[in-house]
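*Asks:* Protein chains in written order, with the numbering used here: chain A, 1 to 290; chain B, 291 to 635; chain C, 636 to 1033.
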Amino acid sequence: MTVALFVEQLMNGVQFGVTLFLMSAGLTLVFGIMNMINLTHGTIYMAGAFVAATVAHATGSFLLGLVSGVSGAALLGLGLEAVILRRFYARSHLDQVLVTFGLILVFSDLFRMIWGPVALSMPMPQALSGFVAIFPGVDYPVYRLVILLAGLAVAVALYFLVSHSRAGMWVRAGSSDRQTAQALGVNVRLLFGGVFAVGSAFAGLAGVMAAPLTAVQIGMGDPVLILALVVTVVGGVGSIRGAFLAALMIGIIDTFGRVLLPAALGSMLIFILMAVILALRPRGLFVVHG
Amino acid sequence: MDNAIASSNLGIENAANFRRLWPVCALLLLLALVPVISTLIGAPFLIRVFTRVITFAIAAVALNLVVGFGGLISMLHAGLFGIGAYVVGILAQHDFNNELLFHFLPGTSDLAIALPAAFIITMLASAIFGIISLRTSGAYFIMITLAFNQMLYYFFVSLQKYGGDDGLQVLSATTIAGFDSTSRIPFYYICLAILTFTLLFVSRLVESRFGLVLRASSQNERRVIAIGISPLRYKLVAFMISGAIAGLAGGLWTNGQQFVSPADMSWIRSGDFVLMAVLGGTSFVAGPVVGAAAFLLIEFTFALWTTYWQLPFGLLIVFVVVALKHGLVGAGRDALAKLRWKQHG
Amino acid sequence: MIIEKTATRNWLVGSLIAALTSLGAHAQSQSPIKIGFVSTLSGPSGVLGQEVSDGFKLALKKSNGLLGGRVVQVTYGDDKGAPDVGRQLVDKMVESDGVQIVTGFVFSNVLLAVSKPILDSGAFIISPVAGPSQLAGKQCHPHFFSVAWQNDTITESIAVEMAKQKVPNTYFMAPNYPGGRDQLAGLKRYYKGDITEVFTSFGQLDYSAEIAALRAKNPASVLFFYPGGMGINFVKQFAQAGLQSKIPLYTSANTIDQTALPAIGDAALGLSSSALWSEGFDNAASKEFTAEFEKEYKRVPSGFAATAYDAARILDATLTSIHGNIEDKKAFRTAMESAKFESVRGRFKFNSNHFPIQNFYLTKVEKNAKGEVVAAVKGLIDEDHTDAYVGECKMAAE
Chain A
1 MTVALFVEQL
11 MNGVQFGVTL
21 FLMSAGLTLV
31 FGIMNMINLT
41 HGTIYMAGAF
51 VAATVAHATG
61 SFLLGLVSGV
71 SGAALLGLGL
81 EAVILRRFYA
91 RSHLDQVLVT
101 FGLILVFSDL
111 FRMIWGPVAL
121 SMPMPQALSG
131 FVAIFPGVDY
141 PVYRLVILLA
151 GLAVAVALYF
161 LVSHSRAGMW
171 VRAGSSDRQT
181 AQALGVNVRL
191 LFGGVFAVGS
201 AFAGLAGVMA
211 APLTAVQIGM
221 GDPVLILALV
231 VTVVGGVGSI
241 RGAFLAALMI
251 GIIDTFGRVL
261 LPAALGSMLI
271 FILMAVILAL
281 RPRGLFVVHG
Chain B
291 MDNAIASSNL
301 GIENAANFRR
311 LWPVCALLLL
321 LALVPVISTL
331 IGAPFLIRVF
341 TRVITFAIAA
351 VALNLVVGFG
361 GLISMLHAGL
371 FGIGAYVVGI
381 LAQHDFNNEL
391 LFHFLPGTSD
401 LAIALPAAFI
411 ITMLASAIFG
421 IISLRTSGAY
431 FIMITLAFNQ
441 MLYYFFVSLQ
451 KYGGDDGLQV
461 LSATTIAGFD
471 STSRIPFYYI
481 CLAILTFTLL
491 FVSRLVESRF
501 GLVLRASSQN
511 ERRVIAIGIS
521 PLRYKLVAFM
531 ISGAIAGLAG
541 GLWTNGQQFV
551 SPADMSWIRS
561 GDFVLMAVLG
571 GTSFVAGPVV
581 GAAAFLLIEF
591 TFALWTTYWQ
601 LPFGLLIVFV
611 VVALKHGLVG
621 AGRDALAKLR
631 WKQHG
Chain C
636 MIIEKTATRN
646 WLVGSLIAAL
656 TSLGAHAQSQ
666 SPIKIGFVST
676 LSGPSGVLGQ
686 EVSDGFKLAL
696 KKSNGLLGGR
706 VVQVTYGDDK
716 GAPDVGRQLV
726 DKMVESDGVQ
736 IVTGFVFSNV
746 LLAVSKPILD
756 SGAFIISPVA
766 GPSQLAGKQC
776 HPHFFSVAWQ
786 NDTITESIAV
796 EMAKQKVPNT
806 YFMAPNYPGG
816 RDQLAGLKRY
826 YKGDITEVFT
836 SFGQLDYSAE
846 IAALRAKNPA
856 SVLFFYPGGM
866 GINFVKQFAQ
876 AGLQSKIPLY
886 TSANTIDQTA
896 LPAIGDAALG
906 LSSSALWSEG
916 FDNAASKEFT
926 AEFEKEYKRV
936 PSGFAATAYD
946 AARILDATLT
956 SIHGNIEDKK
966 AFRTAMESAK
976 FESVRGRFKF
986 NSNHFPIQNF
996 YLTKVEKNAK
1006 GEVVAAVKGL
1016 IDEDHTDAYV
1026 GECKMAAE
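#1: At which residues does the beta strand (DSSP E) containing MET122/A begin and terminate?
#2: In chain order, what are the residue ranges of uninterrupted beta strand (DSSP E) at least 3 long that sit wholly in the region 699-779 of chain C?
#3: Suppose you measure from the CA of LEU482/B to the CA of ILE344/B; what does that come to, to the nearest Å?
#4: Drop a sphere of 10 angstroms on the beta-carbon of PHE394/B, count the other beta-carbons inside from all chains shown, and report buried for 16 or more, exposed for fewer.
#5: For LEU954/C, does the count of other Cβ atoms within 10 angstroms reach 16, so buried, or fall short, so exposed?
#6: Would LEU896/C and ALA1010/C qualify as a contact pair, given that the criterion is a beta-carbon distance under 9 Å?
#7: Using a beta-carbon distance cut-off of less than 8 Å, what residues from the region 835-847 of chain C approach chain A?
#8: Just reading off the alpha helix (DSSP H) that VAL527/B is part of, what are its end residues?
#9: Could you say if the region 326-339 of chain B and the region 725-744 of chain C meet the contact criterion of at least three C-beta pairs nearer than 8 Å?
#10: Is the region 789-805 of chain C close to the region 436-446 of chain B, with three or more CB pairs under 8 Å?
#11: Got a sec: is the Cβ-Cβ distance from TYR430/B to anything in chain A below 9 Å?
#12: What does SER731/C touch in chain B if you count any residue whose Cβ is under 9 Å from its own?
#13: Considering only DSSP beta bridges, list what THR790/C is partnered with.
#14: By Cβ distance, which residues of its chain are closer than 8 Å to ALA662/C, with the 5 residues on each side in sequence left out?
#15: Run through DSSP, which three-state label would VAL802/C get?
#16: Compute the Euclidean distance between the alpha carbons of GLU1001/C and LEU205/A, then round it to the nearest angstrom.
#17: The beta strand (DSSP E) spanning GLN179/A covers which residue range?
#18: Quick check: what's the CA-CA separation for THR597/B versus PHE590/B?
#19: Nearest CA to the CA of LEU78/A: which residue from ASP109/A, VAL30/A, LEU261/A and GLY116/A?
#20: Can you pull out the residues from the region 248-266 of chain A whose beta carbon lies closer than 7 Å to at least one beta carbon of chain C?
#21: Assign CYS315/B to buried or exposed, taking buried as 16 or more other Cβ atoms, counted over all protein chains shown, within 10 Å of its Cβ.
#22: Specify the secondary structure class of TYR45/A as computed by DSSP and reduced to three states.
#23: Would you check if the region 972-984 of chain C and the region 866-881 of chain C touch, i.e. whether three or more CB-CB distances between them fall below 8 Å?
#24: Tell me, which residues are paired with LYS697/C by DSSP?
#25: So for THR2/A, helix, strand or coil by DSSP?
#26: Where does ILE331/B sit, in a helix, a strand or coil, going by DSSP?
#27: Name, in chain order, the residues that DSSP records as bridge partners for HIS1020/C.
#28: Quick check on ILE218/A - is its C-beta less than 9 Å from some C-beta in chain C?
#29: I need the boundaries of the beta strand (DSSP E) containing GLU832/C, first residue and last residue.
#30: What are the residues in the region 541-569 of chain B lying within 7 Å of chain C by C-beta distance?
#31: Going by the CB atoms, is the gap between SER560/B and MET365/B shorter than 9 Å?
#32: For chain C, check one thing: does any of its Cβ atoms lie closer than 9 Å to the Cβ of GLN383/B?
#33: Under a three-way DSSP split, which group does LEU78/A fall into?
#34: At 8 Å on the CB atoms, spell out the chain A contacts of TYR598/B, in chain order.
#35: What does the alpha-carbon distance come out to for the pair GLN708/C and ILE668/C?
#36: Please return the same chain residues whose Cβ sits closer than 7 Å to the Cβ of LYS852/C, not counting the five positions on each side in sequence.
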């Protein structure tokens, strides 16, 4: 492996890691802060991509597609939270897993009824399809750099939102002791709904960003959901920093593993990693909740 | 005097036992009548449908030992089911092709050897996975078991020699101690017998001291440690037993389907098993039997009506989780209790 | 001459009615032919089952719901891509519904799970897509027919073309499962240049690492076998990495077809593939099929729909030649083996293992007059291509 190739693969690993973080940001927020396992995360990701592809196709504008995809995802999340999921904050993880699993099935068929079974087209936005020489001999796609920047922006925003903002404090208070928080004047119901909408917006953003690079079809969210769960858990539930570092680590190791290791190991690598880390640190890399 | 009290207490105890047990007995009796009814109405394929139900029910009952009574939500059981299934399938293939496994073991199509082998090998695998996984708890336990399940899945997908993703056909005539085990009705009753033994064994286990410690650990681990018992050992043994029975169910599966493929051990299947346990009611040993029957029959029926079967099925799952906190068995029991209360004023 | 006499007119009308009724009665005096249709209609691969089902239905519609002049009763079932679900459906169809023919199979694992029970019951299997090597070779059976292709031939055909073009070396990529490895075996049978083998994870989303390694190796060509969503991902990312115009890209037949091309768009331009059928064919049967399919379903058909259409058409031709008498299984089998029908592929005949001997053509993806991205036919690659497993087939006489 030449130096140039090494740098390129490193870039690929970092970008994959950041993409993983982008995909898991919404899940980490909802799971980590509100202690709810939300398996519809993959469906909301898919909704972002589908809405964006439809709007972009109709208007010819990627930007319009982006905006509508993100808002569509946020609306879907808000709707789900208001109608069903808000009853589940206090219920066990098992119940949350099962109800969101049922919702995955429902939306899978709803999407198929609306859009049909064929994959949608989402062309790469013309302005972002060039290359940038990040290293002598390595021309890196602009679009992937944009994803990288988007993921970093989301990481920073999330970190400040959760740890350093008043809203984040209210949310954490509301999730650890709802009644006291309410007694202190925090509108927990509104807050949780808002957080859920923000988490869904992040999922939708990830879906829209991935759309030009991947197949926009029913079921596109399932592998993403698993990866997001892996990242969240390896990082330590509740820790944004943990999720980010876990995502980067997994992204880099998986990228190099796929090109250096034999094929059979390559497909299992992410899971082997997770098992090893959890065996050594049973509560993830960064333990947050006591 | 003491004898009178003792015997009257025994009478009360027997009555209570009867009230608790008659639903399960009725259920097993109904299942035993399936081949008779199916043949009478001229739909023998229903026997195969119910063989599938019973096989999954065995796995779900085994899973519920750790989910309902151990408080451990395992997403690994489809993988363990798959290990047992592949043990039987691989042994049959080696027998059919007359080649030695690992250069020294002969294959076999005799379930009397293959099923115990599936049981033991899956128990060993459960021990290994369990020792690592049980270091974690809660959501982490769900995820690490999911990870192991996926590892098993991808392992079997890439296993060229045994069909990989295309699956492994059982081409030899499988037998059980000389009798043809592919014969539909006898095999159905074998599966039903194994289900019955499993229910008996698990309920005995749950009521025993072992079960007591297990259930206590699932509710409050700190207290159990405080009285000097190590919960990990109990959870591990429960996990091993649960996994071994799931592997046994897998072995039955391969014989019934005459085919096994990695699709039988996907994480979605693991989720289905958990769903079956919850649907039936995780606090009841026989709950998963009801859950498995309901799940599979509803899935089959919906799919016959429409290709958009996931919509009503998903809504049903949502409804059950939202409304029925103790599953179908719990709902049934509550309904009966209300009825009895109304009758007795 | 105007028939004025009422009596004569009544007599004429009466006879006409009697004649028509007796014709109809003849068709109805035989009970309907029962066909079981098991395909993958839901899930991410549901689009393939949809294609197969639409193609089959179109052919039935064309012959007014009759095959061989006899009414046909089709029971549809969704196997969801799961072998055991397929088995359950087949059990019901064969035992309860009494189907005489089972068709619709897209995936090899489902077909392998159900082949023995169906064939043991005496029914026929007509596969419109799935073609595992087991059924072409060691497990070939007098009642099994594939009207599609043996799985390996889709890569064998493009390998023939690459050998013809004297491509010096190739970078082969496929998912790590026996299907992918079978395609590699197919490649090696006909292409003798240098091959770099890369296997990736099944269902992998991101190929940037593999593409970077590929670019560093700088091969003369890339041949990939990525069906479904994987293919869409790979081609999009290959183009996005700037390699579309730099390294010739090849793929096997029916891998990147009309179910994937619209989703990939311009990124697929220049992709070379082999094909056993294309919507651009100009034989009469194909033109009629394509026009009617577009009219009925508002989209361009794929190779899957074409072979499913052929399946129904060959059944019609076979049954017509034996007067609809599928109950005579020996006659049906013999008639199928030598069936003469107008395939959308032009030439079609069965090999001794009941798999097709057919031509493969070269296609290249380009934009047509309407600006749509299509795979345009460029010429013939291989005439009367046979599969590699026919030698292993020792078909039992009935």
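Beta carbons: idealized from backbone N, C-alpha and C, even for Gly. This structure is a prediction, so every number in the text was calculated from the model and none was measured.
*Replies:* Here's the rundown:
#1: Where MET122/A is concerned, there is no enclosing beta strand (DSSP E), given that its DSSP letter is neither H nor E.
#2: 705-713, 736-738 and 759-762
#3: 7 Å
#4: exposed
#5: buried
#6: yes
#7: THR835, SER836, PHE837, GLY838, GLN839, LEU840, ASP841, SER843, ALA844, GLU845 and ALA847
#8: 521-547
#9: yes
#10: no
#11: yes
#12: GLY332, ALA333, PRO334, PHE335 and LEU336
#13: Note: THR790/C sits in no beta bridge, so no partner.
#14: Note on ALA662/C: pLDDT 46, under 50, position unreliable in the model; no value is reported.
#15: coil
#16: 32 Å
#17: Run containing GLN179/A: none in the beta strand (DSSP E); it sits in the alpha helix (DSSP H), 178-183.
#18: 11 Å
#19: VAL30/A
#20: THR255, ARG258, VAL259, ALA263, ALA264 and GLY266
#21: exposed
#22: helix
#23: no
#24: Beta-bridge pairing links LYS697/C to no other residue.
#25: coil
#26: coil
#27: GLN993/C
#28: yes
#29: 829-835
#30: GLN547, GLN548, PHE549, SER551, ALA553 and ASP554
#31: yes
#32: no
#33: helix
#34: ASP109, ARG112 and MET113
#35: 6 Å
#36: TYR806 and THR831
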